[in-house]
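These notes are about the structure you will find just below.
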Amino acid sequence: TTDYWNMALLSMRADRYWKRTGKKITIQGTDVEGFDKSKTFGGNEATKKTKKNLLKQQYGNFKVEGSKILEQIFNRLQIIVSQLEFIDIEIEQDDLNQKFLTSLAQEWLMHTIV
Numbered sequence: 004t005t006d007y008w009n010m011a012l013l014s015m016r017a018d019r020y021w022k023r024t025g026k027k028i029t030i031q032g033t034d035v036e037g038f039d040k041s042k043t044f045g046g047n048e049a050t051k052k053t054k055k056n057l058l059k060q061q062y063g064n065f066k067v068e069g070s071k072i073l074e075q076i077f078n079r080l081q082i083i084v085s086q087l088e089f090i091d092i093e094i095e096q097d098d099l100n101q102k103f104l105t106s107l108a109q110e111w112l113m114h115t116i117v
């Protein structure tokens with residue numbers, strides 16, 4: 004399933020690029036935009052709803068675990084946000100910024116103004 008998620012994230016980024024520039028991306032002659040979401044986020048409606056709720060919960064409960072590098076923290080949060088966007092749940096940039104800042108460990112609080 005990791006390969007499916009990697010392809011799904013690549014597909015989503017390619018779609019964003021296409022929307023911004025009007026240029027399509029292909030890899031080895033295959034259109035990246037045409038990735039089949041159902042292989043990654045498939046199942047019946049109850050399964051899909053459960054997966055959506057789990058991702059929303061992961062985003063809502065996102066906190067830093069121990070002392071990590073800021074880039075690692077951001078990457079962890081970005082994976083969750085990318086998966087939410089993949090299932091058509093958009094997160095506003097201001098909300099994402101707020102989530103990132105408020106999830107930081109105590110040692111970072113003196114460096115942030117929220």
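For the sequence shown, position 88 matches number 91 in this note's numbering, and the numbering has no gaps at all. Beta carbons are placed, not taken as given, at the ideal position from N, Cα and C, and that holds for glycine. Nothing here was measured: the structure is a model prediction, and the numbers come from that model.
Could you pull out every residue in the same chain whose Cβ sits closer than 6 Å to the Cβ of residue i, ignoring the five residues on either side in sequence?
i	result
L58	Q86, L87
So residue i packs on residue j, CB below 8 Å; how close in whole Å?
i	j	result
K55	I90	6 Å
To the nearest angstrom, report how far apart residue i and residue j are at their CA atoms.
i	j	result
K66	T50	26 Å
L104	D97	11 Å
I92	Y62	11 Å
Q81	S106	13 Å
Q101	E95	10 Å
L73	R16	22 Å
Q75	Q60	20 Å
E48	M113	45 Å
Between residue i and the rest of its own chain, which residues show a CB-CB distance below 8 Å, the 5 nearest in sequence each way excluded?
i	result
G46	K54
F77	F103
Quick check on DSSP: helix, strand or coil for residue i?
i	result
D2	Examination of residue 2 is not possible in this model, given that the chain is present from 4 through 117 alone.
A108	coil
What does a CB cutoff of less than 7 Å around residue i pick up in its chain, not counting 5 residues either side in sequence?
i	result
L99	V84
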